[in-house]
Amino acid sequence: TTLSAPPLDILLEEIVREHRPRKETGAVPGNIPVLAAVPFNRFGIAVATTSGKVFSSGDADVPFSIQSISKVFTLAMALQRGRSGLLWSRVLREPSGTAFNSLVQLEAEHGIPRNPFINAGALVVTDHLMEETPDAAAHLLQFLTRQAGTGGQTGQEGGPAPFIDEAAAAGELAGSSRNLALAHFLKDFGNLTQPAAAVVENYVRQCSIMMTCVQLAKAGLFLANDGQGAPGAVLSPSEAKRIGSIMLTCGMYDAAGEFAYRVGLPGKSGVGGGILVIVPGQCAICVWSPRLDAKGNSLAGTAALADLSDRTGWSVF
Ligand code: GLN
3 TTLSAPPLDI LLEEIVREHR PRKETGAVPG NIPVLAAVPF NRFGIAVATT
53 SGKVFSSGDA DVPFSIQSIS KVFTLAMALQ RGRSGLLWSR VLREPSGTAF
103 NSLVQLEAEH GIPRNPFINA GALVVTDHLM EETPDAAAHL LQFLTRQAGT
153 GGQTGQEGGP APFIDEAAAA GELAGSSRNL ALAHFLKDFG NLTQPAAAVV
203 ENYVRQCSIM MTCVQLAKAG LFLANDGQGA PGAVLSPSEA KRIGSIMLTC
253 GMYDAAGEFA YRVGLPGKSG VGGGILVIVP GQCAICVWSP RLDAKGNSLA
303 GTAALADLSD RTGWSVF
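For the sequence shown, full-length UniProt numbering assigns the number 3 to the initial residue and increments by one for each residue that follows.
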């Protein structure tokens, strides 16, 4: 931290005060009906440190839909204990420069998605996990619950344990033509082993997991802590580093460059308005505010992280 920065708990309160009020209305995801109903002035932030402390402010104990932040954790599960197998022959590690749910590259590149964080790549990861555990979403929920439950904290903690919002999942599934199209495309190219509909259903349920900022910051801490989670190693230091690298280059879809420019940290967003960010060796940060920019990333969340990074000196650069 820079010497001029106030203590973290005070700083987080300032961030909430400054970034919660917003002039831009922003967007909400059109394909997930329940997300349109979340009050737009929600704003929460939590920081979980590698020394075992948790700081939080605002709506940090209010559960929200983690959506694509789940893609970081399914990738981590796929890389655990040598489970990656053929995964890296089925999905690349290059930024896409296209929207998260785009179909165009998938045909041009013969059914091999650019990276595991766009929808096409995440469907491949979920398919890979389903080969071992058919209910991959429930397995992910167990993993997140265990990781979120770890460590001491100085911040207040509340809210229910992580859960799957089945109504949100059903609502999204009813309008999943695009994700089904991606899955069928993958299947046609021989890059899906399970039935397309089963993969999309699992994927939509994994996206519908509800967690708080505090829980997500704690669950993501192993990525900032050389792979050490609860209990013990989740990943090797090298695997944790690599997930951070993919977050930096691909975590914000076609806004990855702009986010790296503004925030300077590996991050992963979701259309629920959450963003998980890693400060290697120091902490994991989760911010949540539901209104989105045109690329599907939280407007206030991105602005708050840019501010926090400037004021603390937290950056990988
Ligand atoms: N469930 C959402 C979808 O597939 C997740 C997208 C996101 O968070 N970017 O459209």
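Ideal placement from N, C-alpha and C gives every residue a C-beta, glycine not left out.
Check: Mapping DSSP to helix, strand and coil, what is residue 329?; Outcome: Because residue 329 is not part of the residues shown, which for the chain are 3 to 319, the question remains open.
Check: Please determine, among PHE42, SER59, ASP63 and TYR205, the residue with the shortest C-alpha to C-alpha distance to ALA163.; Outcome: ASP63
Check: Answer yes or no: the CB of ILE34 versus the heavy atoms of the ligand GLN, is any distance below 8 angstroms?; Outcome: yes
Check: Over what stretch of residues does the alpha helix (DSSP H) that includes ILE12 continue unbroken?; Outcome: 10-21
Check: If we count the other Cβ atoms within 10 Å of its Cβ and call it buried at 16 or more, is GLN217 buried or exposed?; Outcome: buried
Check: What would DSSP say about GLY157, mapped onto helix, strand or coil?; Outcome: Residue confidence is low: GLY157 scores 42 on pLDDT, short of 50, so the model does not pin down where it sits. No coordinate-derived value is stated.
Check: DSSP three-state call for TRP316: helix, strand or coil?; Outcome: coil
Check: According to DSSP, TRP290 sits in a beta bridge with which residue or residues?; Outcome: GLY46 and GLY276
Check: If the criterion is Cβ atoms closer than 9 angstroms, does the pair ILE47 and CYS215 meet it?; Outcome: yes
Check: Pull up the distance between the alpha-carbon of GLU111 and that of SER179, whole angstroms please.; Outcome: 21 angstroms
Check: Cα separation between LYS243 and GLY234?; Outcome: 17 angstroms
Check: Starting from PHE145, trace the alpha helix (DSSP H) both ways and give me its first and last residue.; Outcome: 138-150
Check: Terminal residues of the continuous beta strand (DSSP E) containing LYS270?; Outcome: 269-271
Check: Please say whether MET254 and PRO65 have beta carbons closer to each other than 9 angstroms?; Outcome: no
Check: Which ranges does the beta strand (DSSP E) cover as unbroken runs of at least 3 residues, wholly within the stretch 99-128, from first to last along the chain?; Outcome: none
Check: Looking only at its own chain, which residues have a Cβ that is under 7 angstroms from the Cβ of GLN155, when we skip the five neighbours before and after it?; Outcome: Residue confidence is low: GLN155 scores 44 on pLDDT, short of 50, so the model does not pin down where it sits. Its coordinate-derived value is still stated next. Excluding residues within five positions, the ones whose Cβ falls inside 7 angstroms are LYS55 and VAL56.
Check: Please go through the same chain and pick out, in chain order, the residues whose beta-carbon is closer than 6 angstroms to the beta-carbon of LYS270, but skip the five residues on each side of it.; Outcome: ILE71, VAL74, MET249, GLY253 and LEU278
Check: Can you grab the Cα-Cα spacing for the pair ARG24 / VAL106, in whole Å?; Outcome: 34 angstroms
Check: If I'm right that ASN121 touches LEU223 with Cβ under 8 angstroms, what's the distance once you round it to whole angstroms?; Outcome: So it is not a contact: roughly 26 angstroms between Cβ atoms.
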